[in-house]
Amino acid sequence: MIFSKYNFILVNRVSKTLEAPIDITYDITFKDTEEIPHLQHLCFTFRSPTNWLLYKNIISGSYLQDLHGHKYIVFVAQIPQDTAHSALYSSWKLKSVGVSCPLIRCMLNIWGVILYLRLPWITAQAGIGLTWVIILLSSCITGITGLSTSAIATNGKVKGGGTYFLISRSLGPELGGSIGLIFAFANAVAVAMHTVGFAETVVDLMRENEAVMVDRTNDIRIIGVITVTCLLGISMAGMAWESKILFFLVIMVSFASYIVGTIIPSTPEKQSKGFFSYKASIFATNFVPGWRGKEGSFFGMFSIFFPSATGILAGANISGDLKNPTVAIPRGTLMAIFWTTISYLIISATIGSCVVRDASGNINDTLSSASSMENCVGTACQYGWDFSECVKNGTCPYGIINYYQSMSMVSAFAPLITAGIFGATLSSALACLVSAPKVFQCLCKDKLYPLIGFFGKGYGKNDEPLRGYLLTYIIAACFILIAELNTIAPIISNFFLCSYSLINFSCFHASITNSPGWRPSFRFYSKWLSLLGAVCCVVIMFLLTWWAALIAFGVVFFLLGYTLYKRPAVNWGSSVQASSYNMALNQCVGLNTVEDHVKNYRPQCLVLTGPPSSRPALVDLINCFTKGLSLMLCANVVTDSPSLTAVQKATSDSHVAWLNKRKIKSFYRGVVASDVRSGVNMLLQGAGLGRIKPNVLMMGFKKDWRSDTPQAAHNYIGMLHDAFDLQYGVCVLRVREGLDVTRPSQSHGEWFSLNQQTSVSIDPEPQPNTVFQTKQGKKTIDVYWLSDDGGLTLLLPYLLTRRKRWGRCKVRVFVGGESLRQIRLNEVLQDYSREAALIVITMPVGRRGVCPSMLYLAWLDFLSRDLRPPVLLVRGNQENVLTFYCQ
2 MIFSKYNFIL VNRVSKTLEA PIDITYDITF KDTEEIPHLQ HLCFTFRSPT
52 NWLLYKNIIS GSYLQDLHGH KYIVFVAQIP QDTAHSALYS SWKLKSVGVS
102 CPLIRCMLNI WGVILYLRLP WITAQAGIGL TWVIILLSSC ITGITGLSTS
152 AIATNGKVKG GGTYFLISRS LGPELGGSIG LIFAFANAVA VAMHTVGFAE
202 TVVDLMRENE AVMVDRTNDI RIIGVITVTC LLGISMAGMA WESKILFFLV
252 IMVSFASYIV GTIIPSTPEK QSKGFFSYKA SIFATNFVPG WRGKEGSFFG
302 MFSIFFPSAT GILAGANISG DLKNPTVAIP RGTLMAIFWT TISYLIISAT
352 IGSCVVRDAS GNINDTLSSA SSMENCVGTA CQYGWDFSEC VKNGTCPYGI
402 INYYQSMSMV SAFAPLITAG IFGATLSSAL ACLVSAPKVF QCLCKDKLYP
452 LIGFFGKGYG KNDEPLRGYL LTYIIAACFI LIAELNTIAP IISNFFLCSY
502 SLINFSCFHA SITNSPGWRP SFRFYSKWLS LLGAVCCVVI MFLLTWWAAL
552 IAFGVVFFLL GYTLYKRPAV NWGSSVQASS YNMALNQCVG LNTVEDHVKN
602 YRPQCLVLTG PPSSRPALVD LINCFTKGLS LMLCANVVTD SPSLTAVQKA
652 TSDSHVAWLN KRKIKSFYRG VVASDVRSGV NMLLQGAGLG RIKPNVLMMG
702 FKKDWRSDTP QAAHNYIGML HDAFDLQYGV CVLRVREGLD VTRPSQSHGE
752 WFSLNQQTSV SIDPEPQPNT VFQTKQGKKT IDVYWLSDDG GLTLLLPYLL
802 TRRKRWGRCK VRVFVGGESL RQIRLNEVLQ DYSREAALIV ITMPVGRRGV
852 CPSMLYLAWL DFLSRDLRPP VLLVRGNQEN VLTFYCQ
């Protein structure tokens with residue numbers, strides 16, 4: 002038994018205060034045995050290019066090769082002390098918050114400008130009843146999305162990027178990239194919405210004190226731009242968690258001031274502005290809708306209110322920093338949705354029960370006589386006030402349908418409501434101003450789209466996206482210039498609805514694929530409920546603002562098409578990949594019940610290329626008639642004894658990467674065998690899946706048969722006979738310069754020798770790798786159909802002419818008349834096909850046991866030698882592949 006000793010730092014305990022962890026050194030002896038299961042063996046804490054390898058070597062003990070091999074490999078590695086300290090201490094320090102963190106973050110992001118400045122107005126427009134419907138419908142959408150978010154977030158660690166990270170790692174880069182841009186843009190516009198709400202309040206305060214700079218609209222623009230500039234500086238400097246708690250407390254105090262104000266009896270000054278405390282008649286009047294203005298409709302009010310229900314993703318954005326994210330994210334997010342919904346319902350009901358829709362604000366507008374009572378219009382008449390004149394003229398400045406600051410007017414102490422507005426708007430604006438650059442930075446670092454990498458650069462120890470901050474600032478400033486909250490809110494609604502629809506669809510798609518990798522810790526979700534949420538989001542998008550919905554989906558589909566075309570080199574284990582696997586597997590299994598028919602025949606080729614990059618001409622020709630039509634499988638046989646090194650050589654991913662780079666739609670399969678013929682026989686019998694399996698063997702011509710050993714020639718011809726025995730068609734390609742671009746022709750005999758430990762090759766002479774990549778022009782494809790092989794000799798040239806680079810070529814078919822002319826066939830080829838693009842000849846078959854291998858090779862060599870055009874010798878397996886007389 003072999004033992005090895007390692008010395009490294011472990012964090013044994015952490016002090017209760019914010020001090021550095023206490024490190025204790027242990028001497029640990031590892032035996033040459035298997036490790037027991039441990040959670041740390043599966044975690045990603047040390048998965049940097051260096052530290053993870055060192056950690057794996059030390060902690061995991063033995064690799065599988067060490068366990069069953071006859072040698073023991075001793076790993077000598079040491080984890081730097083500062084690396085272990087920083088990784089483990091930061092992990093301890095960040096994971097010290099629980100449910101309250103995502104709860105408060107979500108509530109701060111949900112509560113915003115709409116709550117204070119537009120909810121009373123929406124209540125006056127839609128009535129208390131429909132306002133509750135709007136609130137509950139918004140909460141249903143965010144609640145379903147919250148369930149989907151909880152499921153996705155607890156299926157793995159969520160890093161920076163929030164919604165973009167959730168969707169891209171679930172649905173893949175195609176949809177994730179597009180929604181990342183939309184969500185980042187929506188957050189940037191949300192900064193403008195909250196800032197405009199803040200500016201509106203400041204301008205109203207200024208107007209009350211007769212301090213006006215230009216006019217209301219321009220004052221909002223000036224104050225908004227100044228405010229967002231200050232917020233930019235704050236966000237770059239960083240804002241502590243304690244300041245968020247302060248904002249939360251300010252908002253809660255403002256709520257308390259409002260509730261107390263509704264209970265306190267109203268003063269004559271407040272009554273002149275429409276506030277009469279709780280009255281049943283006011284509740285009854287305000288319970289039904291009172292639509293006014295161009296926004297006066299159900300979906301118009303919904304589009305303005307919905308941004309106040311967003312912000313539910315704030316908890317998922319910090320899942321990596323939570324002590325127990327599987328509990329904190331679902332509980333925090335859903336509790337935030339519940340309590341904010343309750344607050345919206347209470348404020349809507351209370352403001353609608355206390356304040357009339359229209360009021361003049363004139364303390365002298367009281368009823369003076371019974372005759373005045375008869376002519377009085379409005380609910381306020383019952384309480385001794387006559388606002389009839391302004392109601393009829395539509396000039397009332399107060400009332401919940403006219404005065405956006407109604408909550409301040411109702412509250413016990415108006416400055417507290419103003420402080421609450423400042424806290425809600427500034428906290429939400431700051432949150433959006435920080436999240437938008439983070440999302441965009443994550444998108445830029447994934448390198449899915451060109452020309453945006455400039456904004457992905459981070460600065461400082463926290464990798465702050467300063468360039469992203471500036472871009473967000475510019476976008477927000479542009480929308481602030483609109484200076485109209487009711488115009489900005491519907492734009493944001495569509496973008497957030499688009500994001501939520503894709504989050505719900507991500508959860509549904511990941512669930513329906515039944516992938517083993519989909520196992521979220523949060524179980525209280527339903528894939529069908531997620532699908533319903535996604536559909537509802539899309540429907541509501543078009544009902545709100547159809548042109549904005551078209552723009553959003555237009556951007557999504559444009560970026561989706563771009564990503565599908567470029568196919569970025571990322572692998573995130575998305576549900577799209579799992580779905581593709583399921584569909585491919587089901588289709589393959591379904592083909593088992595389909596009987597073969599000549600109409601559905603396709604030449605599915607097993608191509609003996611060796612390493613595909615060494616014989617590009619052979620690969621290119623076969624790809625011309627199999628691309629998008631049938632199976633192409635490039636095969637490589639490594640002659641060696643089975644070992645890890647030999648298997649890695651045969652199955653190297655570099656071969657697949659070369660095929661993908663050349664856009665060759667082909668599979669690759671490498672095997673290790675004691676000799677080439679055995680390896681090819683393995684491939685002939687085992688290649689393919691169900692009905693999708695090769696039926697044609699493609700190989701190069703063995704030009705060194707004269708100098709090679711008789712055994713090598715026998716094995717070469719034996720491969721042809723093995724293919725015929727297994728009902729394969731056979732094609733042999735010969736070009737004058739050779740196929741192998743990696744070896745000189747004089748080494749050809751040595752290469753195919755059975756004693757060589759290398760890949761199979763049928764033609765090693767050098768050949769330019771572009772011979773079949775260029776357009777062939779107005780040439781001919783000459784087909785010499787010497788015997789009936791089922792029609793494969795005619796089918797392959799026809800398939801070639803369907804490709805663009807062969808499309809201008811004409812097919813000429815030569816049929817042998819006198820049998821003796823086949824003796825001088827090579828002379829005929831020299832005379833008639835010297836300028837052809839390709840010569841296709843029916844390959845004669847040598848009778849096994851009667852025609853020696855060397856004689857058969859001489860026959861094929863004499864038939865195709867000294868020809869300038871490439872020669873393709875084709876022999877079908879006598880199976881009919883033509884459809885002239887089929888039924």
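Heads up, the numbering used here is the position in the sequence shown plus 1, with the first residue counted as 1. Glycine included, each C-beta is placed from N, C-alpha and C at the ideal position.
Taking the alpha-carbon positions, what's the residue i to residue j distance?
i: S298; j: I123; result: 10 Å
i: A585; j: A257; result: 60 Å
i: D641; j: N682; result: 16 Å
i: V772; j: Y526; result: 58 Å
i: Q442; j: S349; result: 39 Å
i: L801; j: N463; result: 57 Å
i: L883; j: D597; result: 13 Å
i: L551; j: I492; result: 12 Å
i: F199; j: L434; result: 15 Å
i: Y117; j: N572; result: 45 Å
i: I168; j: I180; result: 8 Å
i: G454; j: L176; result: 19 Å
i: S140; j: F300; result: 15 Å
i: Q879; j: D654; result: 37 Å
i: E751; j: L787; result: Unreliable placement is indicated for E751, whose pLDDT of 35 sits below 50; no coordinate value is reported for it.
i: V289; j: C391; result: 21 Å
i: V717; j: F725; result: Note on residue identity: the sequence assigns Tyr, not Val, to residue 717. Cα to Cα, the separation comes out at about 13 Å.
Which residue marks the beginning of the beta strand (DSSP E) containing residue i, and which one marks its end?
i: A350; result: Per DSSP, A350 belongs to no beta strand (DSSP E); it is in the alpha helix (DSSP H), 326 to 355.
i: L634; result: 633 to 640
i: G701; result: 697 to 701
i: F815; result: 811 to 816
i: G730; result: 730 to 735
i: R876; result: 872 to 876
i: L607; result: 606 to 609
Where do the ends of the alpha helix (DSSP H) carrying residue i lie?
i: S844; result: Rather than Ser, the amino acid found at residue 844 in this sequence is Met. No alpha helix (DSSP H) contains M844, which DSSP labels as neither H nor E.
i: C1; result: Given that the chain is displayed from residue 2 to residue 888, the structure contains no residue 1 and the question cannot be resolved.
i: D783; result: Segment 781 to 786 is the beta strand (DSSP E) holding D783; no alpha helix (DSSP H) there.
i: V620; result: 617 to 627
i: K889; result: The structure shown does not extend to residue 889, since the chain is modelled only from 2 through 888, so no value can be given for it.
On the criterion of 16 or more Cβ atoms from any shown chain inside 10 Å, does residue i qualify as buried, or is it exposed?
i: T775; result: exposed
i: Q406; result: buried
i: F753; result: Since pLDDT at F753 reaches only 39, below the 50 mark, its modelled position is unreliable, and the value read off the structure follows with that caveat. By the 10 Å Cβ count, F753 comes out buried.
i: N403; result: buried
i: C479; result: exposed
i: W548; result: exposed
i: D790; result: buried
i: I422; result: buried
i: L698; result: buried
i: P765; result: Interpretation of P765 is limited by its pLDDT of 42, a score under 50 that renders its predicted location unreliable; no figure is taken from the coordinates.
i: P451; result: exposed
Report the residue from the options whose alpha carbon sits nearest the alpha carbon of residue i.
i: L444; options: P174, G629, S679, D789; result: P174
i: S361; options: N325, R293, M302, S273; result: S273
i: F339; options: L104, T843, W807; result: L104
i: T488; options: I260, Y450, I422, I305; result: I305
i: L137; options: F276, I347, I223, L861; result: I347
i: L482; options: V134, G225, R849; result: G225
i: E270; options: N601, K446, N365; result: N365
i: V812; options: Q831, R806, D783, L797; result: D783
i: A425; options: R825, F559, N287, A191; result: A191
i: G534; options: L560, S614, C499; result: C499
i: H195; options: R208, A185, V229; result: V229
i: A797; options: A714, V872, L431, S834; result: The sequence shown places Leu at residue 797, not Ala. Selected option, being the one with the closest Cα: V872.
Notebook entry, point to check: Quick one: complete beta strand (DSSP E) runs, 3+ long, within the stretch 448 to 492?
Noted result: Uninterrupted beta strand (DSSP E) stretches at least 3 residues long and entirely within the stretch 448 to 492 do not occur.
Check: What are the complete alpha helix (DSSP H) segments, minimum 4 residues, inside the stretch 643 to 675?
Finding: Complete alpha helix (DSSP H) runs here, min 4: 645 to 651, 654 to 662.
Item checked: Entirely enclosed alpha helix (DSSP H) segments - the stretch 234 to 278, minimum 4 residues -> Within the stretch 234 to 278, the complete alpha helix (DSSP H) runs of at least 4 residues are 242 to 264, 269 to 273.
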